[in-house]
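Student:
Protein chains in written order, with this note's numbering: chain W, 8 to 211; chain B, 9 to 451; chain D, 90 to 458; chain Y, 218 to 588.
(1) By the criterion of Cβ-Cβ separation under 8 Å, what are the contact partners of residue 28(B) in chain Y?
(2) Over what stretch of residues does the alpha helix (DSSP H) that includes residue 24(B) continue unbroken?
(3) Strictly below 9 Å CB to CB, what residues from chain Y border residue 167(D)?
(4) Taking all protein chains shown into account, decide if residue 144(W) is buried (16 or more other Cβ within 10 angstroms of its Cβ) or exposed.
(5) Would you give the residue range spanned by the alpha helix (DSSP H) that residue 344(D) belongs to?
(6) For residue 19(W), which three-state DSSP category applies?
(7) Taking 8 Å as the limit between beta carbons, can you name the residues of its chain near residue 268(D), skipping five residues before and five after?
(8) How would you write the range of the beta strand (DSSP E) that residue 392(D) sits in, first residue to last?
(9) Go ahead and pull the three-state DSSP assignment for residue 272(B).
(10) Quick one: give me the first and last residue of the alpha helix (DSSP H) that residue 198(D) is part of.
(11) If residue 408(B) and residue 191(B) are in contact, beta carbons under 8 Å, what's the gap, nearest whole angstrom?
(12) Please identify the residue among 187(B), 184(B), 227(B), 195(B) whose C-alpha is closest to the C-alpha of residue 205(B).
(13) For residue 32(B), which residues in chain W fall below 7 Å Cβ to Cβ?
(14) Any beta-carbon of chain Y closer than 9 Å to the one on residue 349(B)?
(15) Going by C-alpha to C-alpha distance, which of 81(B), 108(B), 221(B), 65(B) sits closest to residue 56(B)?
(16) Which residue marks the beginning of the beta strand (DSSP E) containing residue 412(D), and which one marks its end?
(17) Using CA atoms only, rank isn't needed, just tell me which of 319(Y), 334(Y), 360(Y) is closest to residue 326(Y).
(18) Exposed or buried, which one is residue 149(W) when buried takes at least 16 other CB atoms within 10 Å?
(19) Considering only C-alpha positions, which residue in the set 368(B), 383(B), 279(B) is nearest to residue 177(B)?
(20) In this structure, does DSSP put residue 249(B) in helix, strand or coil?
(21) Using 8 Å as the cut-off, can you tell me whether the region 256-265 of chain B makes contact with the region 87-96 of chain B, which would need three or more C-beta pairs spanning the two stretches below that distance?
(22) In the structure shown, what three-state DSSP assignment does residue 284(Y) receive?
(23) Could one say the Cβ of residue 331(D) lies closer than 9 Å to chain W's Cβ atoms, at least one of them?
(24) Where does the unbroken alpha helix (DSSP H) through residue 91(B) begin, and where does it stop?
(25) Nearest to residue 376(D) by CA position, among 237(D), 427(D), 245(D), is which residue?
(26) Helix, strand or coil: which one does DSSP assign to residue 325(D)?
(27) In the DSSP output, what is residue 126(D) paired with across the bridge?
(28) Cβ closer than 9 Å: which chain B residues qualify as neighbours of residue 201(D)?
(29) Quick one: which chain B residues come within Cβ less than 9 Å of residue 271(Y)?
(30) Pop quiz: residue 253(B) and residue 438(D) are said to be a contact at Cβ under 8 Å. What is the actual Cβ separation, rounded to whole angstroms?
(31) Is the number of C-beta pairs between the region 333-352 of chain D and the region 433-452 of chain D that are closer than 8 Å three or more?
(32) Is the beta carbon of residue 340(D) sitting closer than 9 Å to the one on residue 264(Y)?
(33) Would you kindly work out how many angstroms separate the C-alpha atoms of residue 258(Y) and residue 60(B), rounded to a whole number?
(34) Compare the C-alpha of residue 247(Y) against each of 324(D), 231(D), 432(D), 283(D) and name the closest.
(35) Taking only three categories from DSSP, how would you classify residue 290(Y)?
(36) Can you check whether the CB of residue 381(Y) is closer than 9 Å to the CB of residue 343(Y)?
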């Protein structure tokens with residue numbers, strides 16, 4: 008069993024890293040987004056290997072199903088999907104800085120962590136129900152209520168922002184009149200003009 | 009399956025293979041069976057649909073190839089396999105190539121959690137229902153890829169419509185299921201089916217009801233409304249009439265499939281029909297008890313199960329056969345309803361579809377969640393949860409009160425929303441004075 | 090901010106819903122049509138020029154090919170034009186036979202047109218199949234009387250080619266028994282259906298005075314609320330002896346056109362029943378025996394028009410005294426009704442555009458000629 | 218814009234607004250479709266029903282074609298004699314709107330004059346518009362519209378139909394359209410009777426030929442006077458007729474015409490030259506019998522010609538029989554057209570038969586004169 012898990016783990020990690028590399032190296036932005044989706048999906052599979060079913064499913068639902076679609080939409084709204092390869096002469100500096108930052112975040116964890124993972128206590132194949140829906144629900148309204156609420160507010164704000172942007176755009180866009188609307192409009196304008204001229208005549 | 013494989017390899021043959029190999033073999037066997045079933049469903053459903061809709065149109069339908077046209081799908085398959093695969097010169101070759109696979113794969117995944125009969129589920133996942141819908145949303149990526157890579161305007165418009173529709177209609181689908189999940193308190197599909205024993209009333213609500221396997225959710229107001237909403241959303245998700253907008257042939261030719269030919273096109277078809285099968289199956293599981301039906305529960309109680317190791321294997325077989333029979337009967341029944349609707353209705357417009365989803369279906373499902381909460385409170389909670397007044401009532405009484413309250417609530421909500429929605433639709437089409445005033449000022 | 094662009098889509102000439110080879114150059118903003126240019130001529134067959142090298146009788150089968158849904162009505166218009174030019178008397182019985190055929194044509198055209206319209210809205214052929222079933226019955230009748238289903242070529246100068254075969258009347262009476270059930274069924278499928286209401290109400294409105302200005306005719310004009318029907322406005326043949334009503338719409342949208350077509354089918358049935366009742370008393374044979382088919386009309390010109398199911402079909406003929414028309418001009422209803430399409434579609438969605446085109450009920454054979 | 222209306226009114230369609238639409242219409246639609254589904258297990262074979270399947274499973278079942286059905290034109294010939302009804306009058310070629318009919322008129326091999334028959338008759342089926350004008354206009358009912366509609370081929374050329382492909386026996390046409398054929402027969406009969414009343418001398422001849430015949434008669438009469446009365450050219454030329462017809466002769470002639478028409482359906486065959494269709498001995502025998510009958514009706518004793526039939530030389534025998542028939546008709550004092558197309562194969566036998574026939578005819582004429 009362990010060997011199988013290790014093989015699967017290796018494959019998944021290779022896929023994740025490979026896909027992530029492709030994301031930053033391909034020139035076509037859409038291709039990059041698609042590689043990103045592949046990476047997300049592999050991460051979800053990794054969660055499944057860790058027997059974190061709920062997280063895995065949420066990863067698929069949120070990242071693969073929703074976020075990636077949003078990314079694709081966003082890319083399609085941008086002007087060109089074919090990016091220029093921007094490789095300055097100081098690319099090594101950028102690489103160093105990013106590596107340094109990465110190390111600064113990761114190294115304390117790598118060094119300070121005690122790497123003695125306890126073996127599962129129960130028999131293999133019968134995981135504990137860590138992902139019961141009731142527990143999650145209780146977690147949301149008890150322990151993590153602040154996080155939950157903050158996330159909710161954030162999403163609401165984002166939603167409202169999106170609506171505002173779309174509305175602004177809509178109001179600026181000239182609505183296309185249908186034939187009958189145009190006709191009624193013209194009739195009214197005529198009537199108004201006639202009224203005005205009648206008034207003018209009366210004044211004269 | 010794993011224990012059977014273990015039995016055969018290690019006990020009978022005595023080869024002493026490691027557990028991971030046993031597990032792998034077990035998974036592979038199950039996967040192979042499912043991969044065999046899925047295309048078969050597609051073949052069968054295409055013939056089924058064509059024959060049924062032909063009857064609705066006073067025709068006979070394909071009856072030339074084989075007895076009653078039974079081999080027509082195979083002939084179509086041969087035809088589609090031998091067709092030339094045309095890739096447009098302007099297409100993005102790789103994405104164009106991968107897109108059908110991305111569309112088909114999730115539908116195959118979804119078979120993993122589908123229970124066919126009592127004890128017959130490939131993976132009894134705790135979160136089966138969630139898994140089902142999470143995976144189904146992945147195919148939207150494939151549609152997007154197909155539409156974008158074809159570099160065809162019809163395909164792009166079709167993909168945009170498809171994705172917009174899928175994303176919007178997932179919400180009412182999941183919300184309507186949420187009501188059911190609230191009642192059962194579990195996301196496991198197997199648990200959902202087990203809940204639906206009984207006769208008209210679920211045994212979990214009123215324990216004294218005889219278990220005829222007929223305590224389906226459809227018989228409660230909450231379940232009924234959820235069923236209506238879910239089935240409509242399923243039609244939209246499966247791109248069935250009246251929601252087949254992404255492939256509206258009279259407007260955008262074939263939508264995202266426009267630039268596909270040969271077996272790639274066939275794969276889209278495969279994905280669509282398998283998805284339709286799955287949606288019908290999940291509808292029958294959630295609202296019509298899946299394999300539940302008269303006799304199955306009794307047979308399965310005699311069978312060898314983890315709970316009853318002294319059972320007789322013959323009952324396993326009998327319960328399985330009867331369960332699968334009920335399940336497929338219901339599933340194909342729902343597919344008939346899909347075909348029936350396809351035969352009767354025209355297609356909505358994309359903005360009307362969005363209106364309907366967001367302005368009618370989602371409020372309706374939200375009301376239904378409220379009803380579900382009332383249902384749960386009235387049937388399950390007691391003084392400990394703050395509902396002291398139900399303490400003295402008998403379970404049947406509690407059930408009856410819950411039924412009446414939710415019925416009134418749901419019916420009222422439906423009529424109210426229908427009126428509001430009809431009015432809003434009227435306003436859209438009206439030569440409104442307000443609208444015109446606005447236009448006059450602008451002009 | 091988000092930038093959006095207008096997209097130009099070519100709908101046609103090869104497209105499932107353009108009713109033939111017709112192209113619409115559509116500019117869309119998202120899903121909204123901002124501009125539409127109809128492009129036609131893909132089916133141009135030089136009809137009018139061919140007619141000028143043919144004799145008058147030889148043109149009769151060519152008129153079948155104009156609007157191939159209603160060959161009988163086209164024949165009638167052409168026969169009337171030539172008869173008017175030469176001064177041929179048509180026997181009473183022949184007139185009744187003509188009206189019978191033309192009203193059957195009207196039913197079959199509307200049954201087909203409604204079916205195709207619903208198909209354009211996205212239904213999967215069911216309503217069309219029902220319409221086609223009735224159409225087939227009528228075509229069987231046409232076949233038994235004229236020898237062909239579509240290209241009937243039944244009318245001759247001074248009458249019709251052949252009298253009714255003996256089994257015609259019983260079959261026609263059977264057909265009339267089924268007709269109310271069929272129309273009611275069609276109405277049930279079309280009239281109350283919420284989806285169809287959504288797709289047709291308020292879509293493609295053509296206001297009354299604009300309809301007149303565009304000189305559209307037929308159900309499109311009547312749908313816009315103008316009670317104009319040549320059968321009443323300028324009674325020809327024997328229409329002044331028959332009772333029938335003119336259905337008109339009130340708004341001028343696709344829904345009104347559907348309603349008008351449904352009601353016209355009922356009225357046509359009424360006419361046919363009256364024709365059946367009056368036919369035995371009618372005088373004369375199926376054709377004026379004195380009428381020569383190889384006509385040489387006197388020098389002059391003539392315009393004759395009839396109300397075909399699609400609208401006013403007129404033939405303008407100029408004769409130079411020879412056996413061939415000097416000028417032959419067709420006023421085709423489909424062509425004229427198509428002119429407001431671009432304006433009617435503006436501001437609606439792409440899906441509506443298809444429905445509006447379907448509600449005009451064009452046949453490209455007549456548009457391109 | 219309103220119009221005056223006497224019988225009828227304007228109805229404004231009711232849009233049924235203001236009704237709550239909560240899905241009833243959708244359910245109604247489902248009901249309609251359900252009724253059709255449930256009713257589709259019966260077949261719909263009646264015009265008065267709207268439910269039930271109305272599919273005709275085409276290659277297995279076919280709809281009966283109405284008699285008037287017209288698909289593509291074909292040419293008719295007489296079953297017994299193989300005689301073609303077409304005289305090559307060009308009426309159909311002239312009326313044909315797409316101009317797909319091409320006729321080559323037959324010529325006498327001896328004199329080079331036009332004869333009322335077509336040596337070649339081409340119809341381009343690929344361009345034919347099935348209007349049926351050719352059948353309507355044909356004065357001899359020789360071109361009729363076929364009912365066969367399975368004409369698809371892989372190439373366009375094979376749809377250019379030649380005369381041999383177009384020829385159909387009359388019995389074929391009576392099989393597909395008996396009423397129409399009866400109508401055509403009645404029409405032809407009426408025309409014939411009218412012609413007999415109007416022009417008793419030249420019955421059944423094309424109008425263009427009557428002048429020639431008159432001239433020829435005068436010429437022959439003059440020649441006869443020179444030769445000393447009643448002589449005739451040997452061999453090819455038939456008996457020269459008496460200048461005046463007796464009433465008996467007239468009756469005999471009418472009977473002959475009728476007999477010919479019963480087989481041929483038109484007055485044309487009586488005079489028209491015959492081209493042999495590939496017929497077998499049986500057909501020849503039939504023709505011989507018919508000729509004998511015709512001769513009998515001409516008031517003569519049975520001609521010898523049919524008796525001498527030998528099955529070995531069927532073709533020659535048939536030719537002889539036809540000649541005999543002609544001769545018998547000529548006993549009715551109509552001058553026979555001189556143009557007798559003889560097959561090059563056995564011209565000699567044919568010539569012999571013709572001479573024999575002429576003799577028989579002479580005998581017959583003498584007998585009838587004696588009577």
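Glycine included, every Cβ here is placed at the ideal spot set by N, Cα and C.
Fair warning: this is a prediction, and the values are worked out from it, not measured in the lab.
Tutor: So, to answer that:
(1) In the second chain, residue 28(B) corresponds to position 20, counting from 1. Those do not exist, as residue 28(B) stays about 53 Å from chain Y at its closest Cβ, beyond 8 Å.
(2) Indexing the second chain from 1 puts residue 24(B) at position 16. Neither: residue 24(B) is in no alpha helix (DSSP H) and is coded neither H nor E.
(3) For the purposes of this step, residue 167(D) is identified with residue 78 of the third chain, where counting begins at 1. Per Cβ cutoff of 9 Å: no residues; residue 167(D) is ~13 Å from chain Y at best.
(4) By 1-based counting over the first chain, the position of residue 144(W) is 137. So residue 144(W) ends up on the exposed side.
(5) Start at 1 with the first residue of the third chain, and residue 344(D) comes out as number 255. Note, residue 344(D): alpha helix (DSSP H), 343-367.
(6) Along the first chain, one-based indexing puts residue 19(W) at 12. In this structure, residue 19(W) counts as helix in the three-state DSSP scheme.
(7) Position 179 of the third chain holds residue 268(D). The residues are 196, 223, 354, 358.
(8) Residue mapping note: residue 392(D) aligns to position 303 of the third chain, counting from 1. Where residue 392(D) is concerned, the enclosing beta strand (DSSP E) stretches over 389-397.
(9) Counting from one through the second chain, the residue named residue 272(B) turns up at place 264. Looking at residue 272(B) - three-state DSSP - the assignment turns out to be helix.
(10) Residue mapping note: residue 198(D) aligns to position 109 of the third chain, counting from 1. Unbroken alpha helix (DSSP H) run through residue 198(D): 181-210.
(11) Here residue 408(B) is taken as the residue at index 400 of the second chain, counted from 1. Here residue 191(B) is taken as the residue at index 183 of the second chain, counted from 1. 16 Å between Cβ atoms; not a contact.
(12) Counting from one through the second chain, the residue named residue 205(B) turns up at place 197. Checking every option, the nearest Cα to that of residue 205(B) belongs to 227(B).
(13) Position 24 of the second chain, counting from 1, holds the residue named residue 32(B). Result: 11.
(14) As a working note, residue 349(B) is residue 341 in the second chain. Yes, residue 349(B) counts as interfacial toward chain Y.
(15) Within the second chain, numbered from 1, the residue matching residue 56(B) stands at position 48. Answer by Cα proximity: 81(B).
(16) Position 323 of the third chain, counting from 1, holds the residue named residue 412(D). Residue 412(D) -> no beta strand (DSSP E), and no H or E assigned at all.
(17) Looking up residue 326(Y) in the fourth chain gives position 109. The residue with the shortest Cα to Cα distance from residue 326(Y) is 334(Y).
(18) By 1-based counting over the first chain, the position of residue 149(W) is 142. Looking at its Cβ environment, which holds fewer than 16 other Cβ atoms inside 10 Å, residue 149(W) is exposed.
(19) Start at 1 with the first residue of the second chain, and residue 177(B) comes out as number 169. Comparing Cα positions, the closest option is 368(B).
(20) By one-based count along the second chain, residue 249(B) stands at place 241. In the structure shown, residue 249(B) sits in coil (DSSP, three-state: anything other than H, G, I, E or B).
(21) no
(22) Residue mapping note: residue 284(Y) aligns to position 67 of the fourth chain, counting from 1. Residue 284(Y): coil per DSSP, three-state reduction.
(23) Stepping through the third chain from its first residue, residue 331(D) is reached at position 242. No, no contact with chain W.
(24) Walking along the second chain from the start, residue 91(B) turns up at place 83. That residue, residue 91(B), is in no alpha helix (DSSP H); it is neither H nor E in DSSP.
(25) Taking the first residue of the third chain as position 1, residue 376(D) is located at position 287. Out of 237(D), 427(D), 245(D), 245(D) has the C-alpha closest to the C-alpha of residue 376(D).
(26) Position 236 of the third chain holds residue 325(D). Three-state DSSP puts residue 325(D) in coil, outside helix and strand.
(27) Numbered from its first residue, the third chain carries residue 126(D) at position 37. For residue 126(D), which the question treats as bridged, DSSP gives the partners 114(D).
(28) Taking the third chain and counting its residues from 1, one reaches residue 201(D) at position 112. Those do not exist, as residue 201(D) stays about 15 Å from chain B at its closest Cβ, beyond 9 Å.
(29) Start at 1 with the first residue of the fourth chain, and residue 271(Y) comes out as number 54. Going along chain B in sequence order, the residues near residue 271(Y) (Cβ under 9 Å) are 66, 67.
(30) Within the second chain, residue 253(B) is the residue found at index 245, counting from 1. Within the third chain, residue 438(D) is the residue found at index 349, counting from 1. Incorrect: roughly 11 Å between the Cβ atoms, too far for contact.
(31) yes
(32) Position 251 of the third chain, counted from the start, is the residue given in the question as residue 340(D). Position 47 of the fourth chain, counted from the start, is the residue given in the question as residue 264(Y). Cβ distance not < 9 Å, so residue 340(D) and residue 264(Y) don't count as in contact.
(33) Your numbering for residue 258(Y) matches position 41 in the fourth chain. Your numbering for residue 60(B) matches position 52 in the second chain. Rounded to the nearest angstrom, the two C-alpha atoms are 11 Å apart.
(34) Along the fourth chain, one-based indexing puts residue 247(Y) at 30. Per the Cα distances, 283(D).
(35) What you label residue 290(Y) is simply residue 73 of the fourth chain in a count that begins at 1. DSSP places residue 290(Y) in strand when its eight states are reduced to three.
(36) Taking the fourth chain and counting its residues from 1, one reaches residue 343(Y) at position 126. Taking the fourth chain and counting its residues from 1, one reaches residue 381(Y) at position 164. No. Outside cutoff.
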